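**Q**
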Amino acid sequence: MGFKDIKEFSAEEVGLWLTVQGLGEKAETFMAEGVDGNLLVSLTLDEFKNDLGLSGLQAKKVMKNIEFTKELGNGGGGDSGELEEKIRALRRENEVLEDKVESLQGTIVERDAEIKQLRRKIESLSPHKKEVHAAPAPVHHHSPSPAPQRQPQGMPVVRNAAVGTATGAAKGAVIGAILPGMDASDGAKAGAAAGALGGGMQGLAARRRMRR
1 MGFKDIKEFS
11 AEEVGLWLTV
21 QGLGEKAETF
31 MAEGVDGNLL
41 VSLTLDEFKN
51 DLGLSGLQAK
61 KVMKNIEFTK
71 ELGNGGGGDS
81 GELEEKIRAL
91 RRENEVLEDK
101 VESLQGTIVE
111 RDAEIKQLRR
121 KIESLSPHKK
131 EVHAAPAPVH
141 HHSPSPAPQR
151 QPQGMPVVRN
161 AAVGTATGAA
171 KGAVIGAILP
181 GMDASDGAKA
191 GAAAGALGGG
201 MQGLAARRRM
211 RR
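In full-length UniProt numbering, the protein residues as written are 1 to 212.
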């Protein structure tokens, strides 16, 4: 069981991979441009600098880590036994995190259902209140009918960012434990940040579709 081939990285995983290297501020650009693993390995030093905004040193660092990650994908990179054990341990931790993500998704679905149910109750009360106000009375106290409550537009953003944070932490821990000069905790923190970014971007896209 070797490390995943860098050519198979999704654009989100490339973002995590960059963030673990301390290039999190560049991850959004790579993700927005749809740079996945297959495209990543084909880019030149000049393209990293001119098209994706990396400095000369940053571009060289990325090129070096591309080669290092390729070696891992091919089964190289030093003591394979120790590396495999580390990956297995991290994957077990990732399974726990994935369970937490599923639990979080279930909680969010329940909250969505509660919000929709509350909105329906408020909307069902609105016609009744109007009838009461229409009846003659000695003193008229007009209180405005409660406005129909919309589901908060930010919900897709929050939901996707939360799920992205947990998923990103899991993936980042694996990448961080393997890249030179990094460790699992650094990778998890960086991965959580990048995962939240990717999830938030997906949530924004969902919110735009809701507005149409």
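Note that beta-carbon positions come from the ideal geometry of N, C-alpha and C, so glycine has one too.
Nothing here was measured: the structure is a model prediction, and the numbers come from that model.
#1: Helix, strand or coil for G37? Go by DSSP, reduced to three states.
#2: Provide the residue span of the alpha helix (DSSP H) that contains L54, from first to last.
#3: In angstroms with no decimal places, state the Cα-to-Cα distance between K7 and A89.
#4: Taking the alpha-carbon positions, what's the A27 to D5 distance?
#5: State the Cα-Cα distance for the pair E110 and N74, rounded to the nearest angstrom.
#6: By the DSSP assignment, the alpha helix (DSSP H) with K49 in it spans what residues?
#7: For L18, collect the residues of the same chain with a Cβ closer than 8 Å to its Cβ; drop the 5 residues on either side in sequence, then sort them by chain order.
#8: For D36 versus F9, is the C-beta spacing smaller than 8 Å?
#9: Would DSSP call residue 214 helix, strand or coil?
#10: Can you list, in chain order, the residues of its chain whose CB lies under 7 Å from that of N38, leaving out five sequence neighbours each side?
#11: Using 10 angstroms around the beta-carbon of V96, count the other beta-carbons present and answer buried if the total reaches 16, otherwise exposed.
#12: Check G24 in the structure and name its three-state DSSP category.
**A** Result, derived from the coordinates:
#1: For the purposes of this step, residue 37 is identified with residue 37 of the sequence shown, where counting begins at 1. Note: G37 maps to helix in three-state DSSP.
#2: Taking the first residue of the sequence shown as 1, we reach residue 54 at position 54. Here L54 belongs to no alpha helix (DSSP H), and DSSP marks it neither H nor E.
#3: Here residue 7 is taken as the residue at index 7 of the sequence shown, counted from 1. Here residue 89 is taken as the residue at index 89 of the sequence shown, counted from 1. Each residue's Cα considered, the two are about 24 Å apart.
#4: Along the sequence shown, read from residue 1 onward, the residue named residue 27 stands at position 27. Along the sequence shown, read from residue 1 onward, the residue named residue 5 stands at position 5. If you take the alpha carbons of A27 and D5, they lie about 19 Å apart.
#5: Taking the first residue of the sequence shown as 1, we reach residue 110 at position 110. Taking the first residue of the sequence shown as 1, we reach residue 74 at position 74. Distance between the alpha carbons of E110 and N74 is about 44 Å.
#6: Stepping through the sequence shown from its first residue, residue 49 is reached at position 49. Counting along the chain, the alpha helix (DSSP H) containing K49 begins and ends at 45-50.
#7: Indexing the sequence shown from 1 puts residue 18 at position 18. Here the set comprises G24, K26, A27, F30, V62, A194.
#8: For the purposes of this step, residue 36 is taken as the residue at position 36 of the sequence shown. For the purposes of this step, residue 9 is taken as the residue at position 9 of the sequence shown. Cβ distance < 8 Å, so D36 and F9 count as in contact.
#9: Outside the shown range of the chain, which is 1 to 212, sits residue 214, and nothing can be said about it.
#10: Translated into the one-based positions of the sequence shown, residue 38 becomes position 38. Once the five neighbours on either side are set aside, the close Cβ partners of N38 are K7.
#11: As a first step, residue 96 is located in the sequence shown; it is residue number 96 there, counting from the start. The residue in question, V96, is exposed, as its Cβ has fewer than 16 Cβ neighbours within 10 Å.
#12: In the sequence shown, the residue the question calls residue 24 occupies position 24. Three-state result, G24: helix.
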